[in-house]
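Once you know that position 212 of the sequence shown is 1173 in my numbering, the rest is easy, because the numbers rise by one and skip nothing.
We treat Cβ as the ideally placed atom computed from N, Cα and C, and that holds for glycine.
A quick write-up on the structure given underneath.
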Amino acid sequence: MPKGLPLHTDPQLREINLGDWEDQTWGQVRHFDPAGMAAFNRSDPAWRAPGGESLAEAGDRLERALTSLARQHPGQTVAVFSHGTAIRQFLANVKGISPEDWHTLSHSENTAVNCLTFDGERFQVVFDSDASHLPPELATLGKQAWWRKDKQKAEDVNLWFRPIRWDTERELYLGARRDAWESTHGLEIPFDGAGFLRDAQKHLDQSPWGVTVAMAGEEPVGLLQLDQERYSTDNAGYIPFCYMNPQRREQNLGVQLVGQAVSYFRPLGRDRLRLRCAPYNDRAQHFYRKHGFVKIGEETGSRVPLDIMEKYIGYQR
């Protein structure tokens, strides 16, 4: 910690418990529970994710935790780190905002600062939601549309994912593989469609999610191939193929495919992702490095040059 301060963890400071929504993408939730998603976004007091907390319960939990901390440190300043919805509901309690008016509460940037005083019984807000330390390029809320009431910004594209329908979508997979191969390696090195189909079938035999389709609404926009076996002895999950449709590139959607790979491999106990990328594929190299992949080696015996790249996804760093 900066300043040499001790760090203490407390589960009572966690974000709202989303129950069955946990580890689902917002696109997944919107697709399968649109009414629940709409209720959450408008801060409906009756909202509760299946198996999760209500908004009121999250705010009350955080208030109890902060009250306990304040009483343990009279006359001191305590730096507390929590999460957006839990903090927002706690501030509703402090400000005395009734449940029917929760929707009027502003949303704050990630890392925004709230300053409060405590008199032994009650909190008072000195200031809240201060994100003046963030330069525009690091601010995220202003780039998003889900919280806006004026609807003047295009709707956020939150992907959802499903297993490929192999009986009817082989050509979808093969077309994406061909496009990726030829746009990267050209036409001089033959495209081995049969070999890619064999590999896909092997990964589908491991799991129906071995080839995953990324969906924007009802539109397939990308593919993600996942291999449980390769590099498993290194505790890594392997991504043989990560593909975004050309018309959907430059929309900052590719990172959601990486997130899906994390969601797939972490429950298997893997603490890193691996993939291979041609050193001359500048677009892909830039994308992977931007999102935390580093080169750890070079493939031997492959038909084309390939860097082996890795991203740590564990909890120990």
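- A distance below 6 Å between beta-carbons, with the five flanking residues on each side excluded, links Ile977 to the following residues of its chain, in chain order: Glu1014, Ala1019, Thr1046 and Ala1047.
- Under a 10 Å Cβ-count criterion, Cys1238 is classified as buried, with 16 or more other Cβ atoms of the shown protein chains found around its own Cβ.
- Of the candidates Trp1127, Leu1016, Gly1012 and Phe1254, the residue whose Cα lies closest to the Cα of Asp1005 is Leu1016.
- Bounds of the beta strand (DSSP E) holding Ser1090 are Phe1084 to Asp1091.
- Of the residues assessed, Pro1201 falls on the buried side of the cut-off, its CB having 16 or more other CB atoms within 10 angstroms.
- Per DSSP, Gln1212 is not a residue of any beta strand (DSSP E), being assigned neither H nor E.
- The DSSP-derived three-state label of Gly980 is helix.
- Contact between the segment 1142-1157 and the segment 1169-1181 is absent: fewer than three C-beta pairs spanning the two stretches fall below 8 Å.
- Between the beta-carbon of Leu1165 and that of Trp1127 there is about 6 Å, and that keeps the pair under the 8 Å contact cut.
- Annotation for Trp1142: Phe1152 place their beta carbon closer than 7 Å to its own, counting only its chain and skipping 5 residues before and after.
- Burial check for Gly1258: the Cβ neighbour count within 10 Å stays below 16, so the residue is exposed.
- Here Ala1031 is buried: its Cβ has 16 or more other Cβ atoms, across all protein chains shown, within 10 Å.
- With respect to the 7 Å criterion, Gly1215 and Phe1254 are not classified as neighbours on the basis of their beta carbons.
- As the crow flies, the alpha-carbon of Lys1272 is around 39 Å from that of Ser1029.
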